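A.B. asks: One structure, as structure tokens, below. Some questions next.
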Amino acid sequence: KNQVEQSPQSLIILEGKNCTLQCNYTVSPFSNLRWYKQDTGRGPVSLTIMTFSENTKSNGRYTATLDADTKQSSLHITASQLSDSASYICVVSASLIDYKLSFGAGTTVTVRA
Amino acid sequence: EPEVTQTPSHQVTQMGQEVILRCVPISNHLYFYWYRQILGQKVEFLVSFYNNEISEKSEIFDDQFSVERPDGSNFTLKIRSTKLEDSAMYFCASSYSGTVTYEQYFGPGTRLTVT
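Line order of the protein sequences matches chains A and B. Numbering of the first sequence is given in the numbering used here, commencing with residue 1 and proceeding in unit increments. Numbering of the second sequence is given in the numbering used here, commencing with residue 1 and proceeding in unit increments.
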């Protein structure tokens, strides 16, 4: 069964600090991996999409990495801001025809002043 | 910027009643999706829809569920006889294409509460 596991479950960081979130997956075959940001009570918003041939992608202060050999990805948040407080979800697709996404449980990030 | 919209934002219904959740996808998008998220749990895929038919559905999407694109702009999810365990946030999403190049854009969700 396709699995997407994220760690930590939650973390608290001070404004201005950096943090790194982890994602391990067993989805096969692998097509692409996405990181989404989900504010409380809202729909997920895409941060990055990486295919198996990409090993890093940035979107502003967010940088995602992918190791398709070890089936691991990370999301690094640089110089965190209060607005970064949200759930960050790792999502993996097994198909080139992207009908179905497998979601991780998310990491809840709380940024404190 | 175009966005996916959903109505209502919150729906309360009694067990056994039918509910219809509505979504207006981004206008030039061709692929449509429904997901659900039970409180405190991960987002789960329900169904994808293209060219007026279901492309793929999960094991959650049983005979109690149906989807429809009634008028070329709306995309609806119907639950025929709601159960307590159907209480969840339901997200609609749309994309221009079904391939990885094109992002899925999510709506703000409809919170369904079954009592």
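Where a beta carbon is used, it is the ideal one built from N, C-alpha and C, also for glycine. Every value quoted in this text rests on a predicted model; they were computed, and no experiment measured them.
Which of the three DSSP states, helix, strand or coil, is assigned to SER83(A)?
C.D. replies: Position 83 of the first sequence, counted from the first residue, corresponds to residue 83(A). DSSP places SER83(A) in helix when its eight states are reduced to three.
A.B. asks: List the whole-angstrom C-beta distance separating SER73(A) from CYS23(A), where the pair is believed to meet the contact cut-off of C-beta under 8 Å.
C.D. replies: For the purposes of this step, residue 73(A) is taken as the residue at position 73 of the first sequence. For the purposes of this step, residue 23(A) is taken as the residue at position 23 of the first sequence. Sure, about 4 Å apart at Cβ, within 8 Å.
A.B. asks: Just how far apart, CA to CA, sit ASP39(A) and GLY16(B)?
C.D. replies: Counted from its first residue, the first sequence places residue 39(A) at position 39. Counted from its first residue, the second sequence places residue 16(B) at position 16. Using only the alpha carbons, I get a separation of about 31 Å.
A.B. asks: Is it true that the CB of VAL4(B) sits closer than 8 Å to the CB of SER94(B)?
C.D. replies: In the second sequence, counting from the first residue as 1, residue 94(B) sits at position 94. In the second sequence, counting from the first residue as 1, residue 4(B) sits at position 4. Taking 8 Å as the cut-off, the Cβ atoms of SER94(B) and VAL4(B) count as close.
A.B. asks: Could you check where the beta strand (DSSP E) with ALA88(B) kicks off and where it finishes?
C.D. replies: Residue numbering aside, residue 88(B) sits at position 88 when the second sequence is read from its first letter. Start and end: 88-95.
A.B. asks: Would you check if there are 3 or more beta carbon pairs closer than 8 Å linking the segment 79-88 of chain A to the segment 73-90 of chain B?
C.D. replies: no
A.B. asks: Tell me whether ILE54(B) is buried or exposed, calling it buried when 16 or more other Cβ atoms sit within 10 Å of its Cβ.
C.D. replies: The residue you call residue 54(B) lines up with position 54 of the second sequence. It is exposed - the Cβ of ILE54(B) has fewer than 16 other Cβ atoms within 10 Å.
A.B. asks: Between the beta-carbon of GLY41(A) and the beta-carbon of LYS42(B), is there less than 8 Å?
C.D. replies: For the purposes of this step, residue 41(A) is identified with residue 41 of the first sequence, where counting begins at 1. For the purposes of this step, residue 42(B) is identified with residue 42 of the second sequence, where counting begins at 1. No, Cβ-Cβ distance for GLY41(A) and LYS42(B) is not below 8 Å.
A.B. asks: Does the distance from the CB of THR48(A) to the CB of LYS57(A) come in under 8 Å?
C.D. replies: Indexing the first sequence from 1 puts residue 48(A) at position 48. Indexing the first sequence from 1 puts residue 57(A) at position 57. Taking 8 Å as the Cβ cut-off, THR48(A) and LYS57(A) qualify as a contacting pair.
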